[in-house]
Amino acid sequence: MTTTTAEAPTMNQTWQTLCTKADLVPHSGVAAWIETADGPAQVALFYLPDPNTPEKTVPGSNTPQTGHLPELYAVDHRDPFSGANVIARGIVGDVQGAPVVASPLYKQHFRLTDGQCLEDETVRLRTWPLRLDGDEVQILV
Numbered sequence: 001m002t003t004t005t006a007e008a009p010t011m012n013q014t015w016q017t018l019c020t021k022a023d024l025v026p027h028s029g030v031a032a033w034i035e036t037a038d039g040p041a042q043v044a045l046f047y048l049p050d051p052n053t054p055e056k057t058v059p060g061s062n063t064p065q066t067g068h069l070p071e072l073y074a075v076d077h078r079d080p081f082s083g084a085n086v087i088a089r090g091i092v093g094d095v096q097g098a099p100v101v102a103s104p105l106y107k108q109h110f111r112l113t114d115g116q117c118l119e120d121e122t123v124r125l126r127t128w129p130l131r132l133d134g135d136e137v138q139i140l141v
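Residue 123 in the numbering used here is what sits at position 123 of the sequence shown, and the numbering runs on without skipping anything.
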């Protein structure tokens, strides 16, 4: 089993629009297809707004955002233990305050912030930076 992580942004990377914020399901995942320099990839997008935090504007941005920052996460959709593209269908929660998704097949937990598997430190999902540009959800590839 091989694992990889996203590399630091380079001059060749660009922001691609994936969907609108309205296309996302709060506290759940959706799958998307992206084109990368290494070829196509499936990503799982998670939108985790905090209902107790009012809408606010992030310093240096004109984009109002709700919830904690970041509220958007993108990780590999492929489960490294089963080989199936199912991570977006996983159960979202938190472990020790960190947002996680549990694979729907074998129930391993992956941190959404860095893709690290909590049950096996040798396994990590790739992650990608996301941003909101108005209502568009964009990914850095």
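Every residue, glycine too, gets a C-beta built ideally from N, C-alpha and C.
**Study point:** Coarse secondary structure for residue 137, derived from DSSP in three states
**Key:** strand
**Study point:** Span separating the alpha-carbon of residue 49 from that of residue 23
**Key:** 14 Å
Check your understanding: Under a three-way DSSP split, which group does residue 78 fall into?
Key -> strand
Check your understanding: Pick from 118, 45, 99: whose alpha carbon is nearest that of residue 34?
Key -> 45
Practice item. Would you tell me roughly how many angstroms separate the C-alpha atoms of residue 109 and residue 138, rounded to the nearest one? Key: 25 Å
Exercise for review: Note the first and the last residue of the continuous beta strand (DSSP E) segment covering residue 45.
Suggested key: Boundaries of the beta strand (DSSP E) around residue 45: 39-47.
Review point. For the candidate residues 113, 87, 114, whose alpha-carbon lies nearest to that of residue 103?
Key: The candidate whose alpha carbon is nearest that of residue 103 is 87.
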